[in-house]
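Read in my numbering, the sequence shown has 101 at position 65, and its numbers run on one by one without any break.
Reading through the structure tokens given below for one structure.
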Amino acid sequence: MSDNGGGEFFVGFIIGAMAGAAAALLLTPRSGSELRGQIQEKGIELKDQAARLADQAKTQAQQAVEGTRGQVTQVTERGRIVLAENVKKAQQAVEEAQAKIATPAA
Numbered sequence: 037m038s039d040n041g042g043g044e045f046f047v048g049f050i051i052g053a054m055a056g057a058a059a060a061l062l063l064t065p066r067s068g069s070e071l072r073g074q075i076q077e078k079g080i081e082l083k084d085q086a087a088r089l090a091d092q093a094k095t096q097a098q099q100a101v102e103g104t105r106g107q108v109t110q111v112t113e114r115g116r117i118v119l120a121e122n123v124k125k126a127q128q129a130v131e132e133a134q135a136k137i138a139t140p141a142a
């Protein structure tokens, strides 16, 4: 199950903002043409704001992905180093054991 709380909050925020703006416009005494013009302008503003916020969220997500990739690369490289060190120690232990076996007991 993915954690999409931020995306759900964003959608809820935009819907709430649009509903609030529409209610404010509808409750304000204006002529029909003025009201339609205001609604159209507010709709354009909210659309532009939503696009800006979506771009910001996309940028932040991309930055998070890049940061994670860098961390994965570092952890992978550290794992390779530790593995190589342990393989070297195991080889040395095997060589020492072989040398003790090959040497006759006195």
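Positions of the beta carbon are idealized from the N, C-alpha and C atoms, including for glycine.
Does the beta carbon of Ile-117 sit closer than 8 Å to a beta carbon anywhere in chain D? Given the protein chain composition of this structure (a single chain), no chain D is represented.
By the three-class DSSP mapping on this structure, what secondary structure does Ser-31 have? Absent from the structure is residue 31, since the part of the chain shown begins at 37 and ends at 142.
Using 8 Å as the Cβ pair cut-off and three pairs as the minimum, do the region 49–59 and the region 74–92 touch? yes
Output yes or no for whether 8 Å exceeds the beta carbon distance between Phe-46 and Leu-89. yes
Once the 5 residues before and after Glu-133 are set aside, which same chain residues still bring their CB inside 7 Å of it? The question names Glu, but residue 133 in the sequence shown is Ala. Nothing listed; no residue qualifies.
Reduced DSSP secondary structure (H/G/I, E/B, other) of Thr-139: coil
Based on Cα-Cα distance, which residue from Leu-62, Ala-86, Leu-63 and Thr-64 lies nearest to Gly-3? Outside the shown range of the chain (37 to 142) lies residue 3, about which nothing can therefore be said.
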